[in-house]
(Lines of atoms letter the chains of each structure in order from A and count residues from 1; the text may use other names and numbers.)
(Lines give C-alpha, C1' and ligand atoms only; values in the text may rest on other atoms or scores of the structure.)
Protein backbone atom coordinates (compact mmCIF):
# COMPACT_ATOMS: atom_id res chain seq x y z
CA UNK A 1 0.00 0.00 0.00
CA UNK A 2 1.06 3.58 -0.63
CA UNK A 3 2.06 5.28 2.67
CA UNK A 4 -0.73 7.88 2.39
CA UNK A 5 -3.34 5.20 1.74
CA UNK A 6 -2.00 3.18 4.67
CA UNK A 7 -2.17 6.22 6.97
CA UNK A 8 -5.72 7.13 5.92
CA UNK A 9 -7.03 3.60 6.33
CA UNK A 10 -5.05 2.35 9.33
CA UNK A 11 -3.63 5.16 11.45
CA UNK A 12 -6.01 8.10 11.18
CA UNK A 13 -8.82 8.76 13.68
CA UNK A 14 -11.19 7.38 11.00
CA UNK A 15 -9.75 3.94 10.18
CA UNK A 16 -11.23 1.44 7.79
CA UNK A 17 -10.93 0.52 4.15
CA UNK A 18 -11.90 3.02 1.49
CA UNK A 19 -15.50 2.22 0.57
CA UNK A 20 -15.39 3.48 -3.00
CA UNK A 21 -13.30 5.62 -5.35
CA UNK A 22 -14.93 8.83 -4.18
CA UNK A 23 -14.30 8.46 -0.44
CA UNK A 24 -13.18 11.86 0.84
CA UNK A 25 -10.81 12.83 3.63
CA UNK A 26 -10.19 16.28 5.07
CA UNK A 27 -6.59 16.80 6.15
CA UNK A 28 -5.59 19.94 8.06
CA UNK A 29 -2.50 22.08 7.58
CA UNK A 30 -0.52 19.87 9.95
CA UNK A 31 -1.38 16.69 8.09
CA UNK A 32 -3.97 15.44 10.59
CA UNK A 33 -7.08 13.77 9.25
CA UNK A 34 -9.98 15.79 10.67
CA UNK A 35 -12.89 14.25 8.76
CA UNK A 36 -13.87 11.38 6.53
CA UNK A 37 -16.82 11.67 4.19
CA UNK A 38 -18.94 8.98 2.58
CA UNK A 39 -18.35 8.37 -1.12
CA UNK A 40 -21.88 9.54 -1.90
CA UNK A 41 -21.37 12.91 -0.20
CA UNK A 42 -21.11 15.58 -2.88
CA UNK A 43 -17.82 17.55 -2.90
CA UNK A 44 -19.69 20.82 -2.31
CA UNK A 45 -22.02 19.46 0.38
CA UNK A 46 -22.51 21.84 3.32
CA UNK A 47 -20.77 19.49 5.75
CA UNK A 48 -17.64 19.37 3.58
CA UNK A 49 -17.59 23.11 2.92
CA UNK A 50 -18.04 23.82 6.64
CA UNK A 51 -15.30 21.34 7.51
CA UNK A 52 -12.89 23.00 5.09
CA UNK A 53 -13.75 26.49 6.36
CA UNK A 54 -13.26 25.37 9.97
CA UNK A 55 -9.92 23.73 9.16
CA UNK A 56 -8.71 26.80 7.28
CA UNK A 57 -9.71 29.13 10.14
CA UNK A 58 -7.46 27.27 12.59
CA UNK A 59 -3.82 28.27 12.81
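Residue numbers (the numbering used here): 9 to 67.
Note that the Cβ used here is the ideal one computed from N, Cα and C, for glycine as well.
Treat the numbers as computed from the prediction; the structure is a model and nothing was measured.
If you draw a straight line from the Cα of residue 20 to the Cα of residue 10, it is about 14 Å long. Excluding sequence positions up to five before and after residue 28, its CB lies within less than 7 Å of the CB of 47, all in the same chain and listed in chain order.
In this structure residue 60 is not in contact with residue 32, their Cβ atoms being roughly 11 Å apart against a cut-off of 8 Å. Boundaries around residue 44 are those of the beta strand (DSSP E), 41-45, since no alpha helix (DSSP H) includes it. Under the 10 Å beta carbon count, residue 52 is surrounded by fewer than 16 other beta carbons and is classified as exposed.
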